[in-house]
Amino acid sequence: MAPSTSNSASNSAEELSEQEFGPSGIALSPYRFPTGWFIVAFSSELGAGEVKRVHYFGEELVLFRTASGRVHALDAYCQHLGANLGVGGTVEGEHIVCPWHGWQWRGDGTNALIPYSKIGCKKNVRIRSYPSIQWYGFILVWQERHGRPPYWQPPVLPELETNEYYPLHPHTRMLNRVKVHPQMIIENAADPYHVQYVHKAASPANTASFEVSGYHLHATVNANFGGGRTKTWLTPNGPVDAKIVYDNYSLGLGIVRFPSELVATVQVTGQTPVDEDYTDYFYTQASIREPGDAGDVPTGRAARFLALQQEVIKQDFFTWENMKYLEKPNLAPEEARDYAALRRWAHRFYPGAQTSPADFGYTADGLPDSAASKA
1 MAPSTSNSAS
11 NSAEELSEQE
21 FGPSGIALSP
31 YRFPTGWFIV
41 AFSSELGAGE
51 VKRVHYFGEE
61 LVLFRTASGR
71 VHALDAYCQH
81 LGANLGVGGT
91 VEGEHIVCPW
101 HGWQWRGDGT
111 NALIPYSKIG
121 CKKNVRIRSY
131 PSIQWYGFIL
141 VWQERHGRPP
151 YWQPPVLPEL
161 ETNEYYPLHP
171 HTRMLNRVKV
181 HPQMIIENAA
191 DPYHVQYVHK
201 AASPANTASF
211 EVSGYHLHAT
221 VNANFGGGRT
231 KTWLTPNGPV
241 DAKIVYDNYS
251 LGLGIVRFPS
261 ELVATVQVTG
271 QTPVDEDYTD
281 YFYTQASIRE
291 PGDAGDVPTG
301 RAARFLALQQ
311 EVIKQDFFTW
321 ENMKYLEKPN
331 LAPEEARDYA
341 ALRRWAHRFY
351 PGAQTSPADF
361 GYTADGLPDS
371 AASKA
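First residue of the sequence shown: 1, per UniProt numbering; consecutive thereafter.
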């Protein structure tokens, strides 16, 4: 007797999941801190001459802004006797000053001054420094397991280069500490089907395109808004089939764009690992201005869309905080390829305990690989 159509379809789905994930699945790296640019603070939190203590990547760090306005990030501990520079440390000119004995350190981590010593400084002593930049109102640091330099730079966001959108800061920002690995947050880009169940959409969303290249993931999702209702505040002319665009840059930075058929909006998120269990989830968004509104505070539909999206983001937290990563999940055929592609892409951002010529983004001599930056 020939097998039933339903059994054949089920077997086909199982074969696709097996084919994409392999017999042993795709493991989550035991090293929890991926390579990339990560948000560690809002720029406005660190004025000239100020010091900020933060804890990320399982380490104590210190941020400081020099008199000239440059921002630097160092391991927090003074290499004299181990004082935490983020607790009582001060800034003098372009240096951070240890509160215990006044040793001064440059932004690159080198020792600048021992104020009471005839030797002046110790040229061979250095605190680990993290490349740091300011980007659209955020302070970013480059995290790489072996301290190698960045092989790419954060993207330009055209919407934020004009005055057509409300400012990204300070009225739209939100920060939540969530018990989740940052990769789980990024996996939302391969999971349009949760929208109907977690976010209570009237109909399922579906992935229109999904591509990974270099450090960049790009996906588009088709989703219906206002389904089953004649009109809503968001869809005053009736239901809208909208294309939502996801761009992720390594695992640290996420950009989501909503179209003008709703409210033209760019969301910026940061997924920064605090330690092996927790992630700080930074969130901001900029929507196109209401007609005639030149102010900084979103109003009208832009304000309502902000409030809506902040609540939508939080709806994912309960799943993330209570889930278990499955190395070999059982997926429907509609899901398998994109999930597997995302996990294989993510795996490149976890270098091993020893540097290797095969490490993504770097040449055999440890320099940035120009091929990796062409994403």
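C-beta atoms are modelled at their ideal positions from N, C-alpha and C, and glycine is treated no differently.
Quick check: what's the CA-CA separation for residue i versus residue j?
i, j, result
"L306", "G102", "46 Å"
"L331", "V71", "45 Å"
"A294", "P167", "11 Å"
"A372", "F360", "7 Å"
"A336", "L16", "7 Å"
"G137", "F42", "6 Å"
"R229", "T235", "9 Å"
"M52", "E276", "Checking the displayed sequence, the identity of residue 52 turns out to be Lys instead of Met. Roughly 22 Å between the two C-alpha positions."
"S24", "L326", "11 Å"
"Q285", "I313", "12 Å"
"Y362", "G107", "24 Å"
Just curious, the alpha helix (DSSP H) that residue i is in, first and last residue?
i, result
"G300", "300–315"
"M184", "182–186"
Considering only DSSP beta bridges, list what residue i is partnered with.
i, result
"I139", "A41, Q134"
"Q267", "V256, Q285"
"E211", "H218"
"A364", "According to DSSP, A364 bridges with nothing at all."
"P223", "It should be pointed out that residue 223 corresponds to Ala in this sequence rather than to Pro. According to DSSP, A223 bridges with A242."
Could you have a look at residue i and say whether DSSP puts it in helix, strand or coil?
i, result
"N124", "coil"
"L217", "strand"
"W345", "helix"
"P23", "coil"
"D191", "coil"
"A340", "helix"
"F33", "coil"
"S17", "helix"
"T319", "helix"
"L262", "coil"
"P155", "coil"
"L46", "coil"
Just to confirm the assignment, what range does the beta strand (DSSP E) spanning residue i have?
i, result
"R53", "51–56"
"L63", "59–65"
"Y249", "240–249"
"I96", "95–97"
"V198", "Note, V198: premise wrong, no beta strand (DSSP E); alpha helix (DSSP H) at 195–198."
"T90", "90–92"
"M323", "First-last for M323: undefined, no H or E at that position."
"H146", "First-last for H146: undefined, no H or E at that position."
"H72", "71–75"
By Cβ distance, which residues of its chain are closer than 7 Å to residue i, with the 5 residues on each side in sequence left out?
i, result
"T207", "P192, A219, V221, D338"
"R343", "I26"
Going along the chain, which residues of its own chain have a beta-carbon closer than 8 Å to the beta-carbon of residue i, five neighbours each way excluded?
i, result
"A346", "P34, Q183, I186, L251"
Enumerate in chain order the residues of its own chain whose CB-to-CB distance from residue i is below 6 Å, with the five nearest sequence positions on each side excluded.
i, result
"Q104", "H95, V97, A112, L113"
"T232", "G226"
"W100", "A83"
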